[in-house]
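First the structure, in the form of structure tokens, and then the observations on it.
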Amino acid sequence: MEGEMPEDEAVGLEWDNSAVQSPEQPAESEVADYESPAPPEPDHTFKIVIVGDSGVGKSNLLSRFAFNRYDSGSKPTIGIEFATKTMKIEGKTIKAQIWDTAGDDRYRPIISACCRGAVGAFLVYDITRHGTFEHAQNRLKELQEDADDQGIMVMLVGNKCDLSHIRTVPIREARDFAKKSSLHFFETSAADVKNVDDAFERLMTEVYYSVTGTRPDGDSGSSEEEFY
Ligand SMILES: Nc1nc2c(ncn2[C@@H]2O[C@H](COP(=O)(O)OP(=O)(O)OP(=O)(O)O)[C@@H](O)[C@H]2O)c(=O)[nH]1
Ligand SMILES: [Mg+2]
Numbered sequence: 001m002e003g004e005m006p007e008d009e010a011v012g013l014e015w016d017n018s019a020v021q022s023p024e025q026p027a028e029s030e031v032a033d034y035e036s037p038a039p040p041e042p043d044h045t046f047k048i049v050i051v052g053d054s055g056v057g058k059s060n061l062l063s064r065f066a067f068n069r070y071d072s073g074s075k076p077t078i079g080i081e082f083a084t085k086t087m088k089i090e091g092k093t094i095k096a097q098i099w100d101t102a103g104d105d106r107y108r109p110i111i112s113a114c115c116r117g118a119v120g121a122f123l124v125y126d127i128t129r130h131g132t133f134e135h136a137q138n139r140l141k142e143l144q145e146d147a148d149d150q151g152i153m154v155m156l157v158g159n160k161c162d163l164s165h166i167r168t169v170p171i172r173e174a175r176d177f178a179k180k181s182s183l184h185f186f187e188t189s190a191a192d193v194k195n196v197d198d199a200f201e202r203l204m205t206e207v208y209y210s211v212t213g214t215r216p217d218g219d220s221g222s223s224e225e226e227f228y
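Take 1 as the starting number for the sequence shown in UniProt numbering and just add one per residue.
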């Protein structure tokens, strides 16, 4: 399930909720004082990728979700960055390995390799730049081609909804595309913390139902009720 990553292109972000590992083994007597509780072994580990044009806000969506951080002067991602977050879904411990990719076309080959083995994706565009939405439609095909046979659950994400007054992508247009392509859809704002957790958690829950075949009766998985 985990993809291979070229070492020089991967930047490990911090763990948000794992025990801190000391490089030196503490003496026996110190263990009780210094050892953090071990994180629970996950029942499932899901690889999630975040893709989309440069500047749409992928890195800020991840840092908002994983660390509740936002950087208005963030630099373009070089290659791929990586963070994990553990959450409970239906009483199970689920670890999300979230791979934040560079929007710059130069990195397409490694991003394509990174998408292999992913079971979920955030396909992000910027609601103020229509071109990024058009490119997201092309990227969907690539994502589906790169995914393994088990398929990939895709969440279309229109980010920067705090800038709705200068939007160039109407909600209706994005929703129609999402419906036609069987995607889930949220508009988010990493800046204003709107829908970020909801969108990630919804994607993880959909992946969980899909991978485990445990969708509750009466839940069609339809995106009708999602937030815009
Ligand atoms: N107004 C607004 N700006 C945002 C939002 N999210 C990100 N930005 C800004 O958009 C710019 C680009 O954000 P990044 O998160 O670095 O974009 P990215 O998609 O990771 O870009 P690459 O790494 O180059 O692919 C930064 O100046 C962010 O502060 C948002 O929700 N609202
Ligand atoms: Mg980035």
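All C-beta atoms, glycine included, are put in the ideal place defined by N, C-alpha and C. Remember, it's a predicted structure, so these values are computed and weren't measured experimentally.
Between the stretch 97-106 and the stretch 78-88 there are three or more inter-stretch CB-CB distances shorter than 8 angstroms, so the stretches are counted as touching. A distance of 8 angstroms or more separates the beta carbons of residue 143 and residue 178. In its chain, beyond the 5 residues on either side, 118, 119, 120, 121, 143, 144 have a beta carbon closer than 7 angstroms to the beta carbon of residue 152.
Between residue 146 and residue 115, the CB-CB gap stays under 8 angstroms.
Just measuring C-alpha positions, the residue of 58, 40, 107 sitting nearest residue 160 is 58. Residue environment analysis places residue 138 among the exposed positions, since fewer than 16 neighbouring C-beta atoms fall within 10 angstroms of its C-beta. When Cβ pairs closer than 8 angstroms are counted between the two stretches, the stretch 190-199 is seen to touch the stretch 56-72, the count reaching three or more.
When only Cα atoms are considered, residue 193 and residue 187 end up about 11 angstroms apart. Going by DSSP, residue 212 is part of the alpha helix (DSSP H) stretching over 196-212.
Taking C-beta atoms under 8 angstroms as the contact rule, residue 183 and residue 207 fail to qualify, at a distance of about 13 angstroms. At least one heavy atom of ligand 1 is found less than 7 angstroms from the C-beta of residue 58. Short of 7 angstroms from the beta carbon of residue 168, and not among the five residues preceding or following it, lie these beta carbons of its own chain, in chain order: 128, 129, 130. Counting only runs that start and end inside the stretch 94-137, the alpha helix (DSSP H) elements of at least 4 residues fall at 108-115.
With 16 or more other CB atoms across the displayed protein chains lying within 10 angstroms of its CB, residue 60 is buried. Per the C-alpha coordinates, the member of 171, 215, 201, 216 positioned closest to residue 94 is 201.
Using a cutoff of 7 angstroms, the CB of residue 190 does not count as near ligand 2, since none of the ligand's heavy atoms is closer than that. The residues 94, in chain order, have a CB closer than 6 angstroms to that of residue 87 in the same chain once the five nearest residues on each side in sequence are set aside. Annotated three-state conformation of residue 143 is helix, per DSSP.
DSSP places residue 183 outside any alpha helix (DSSP H), giving it a letter other than H or E. The DSSP-derived three-state label of residue 63 is helix.
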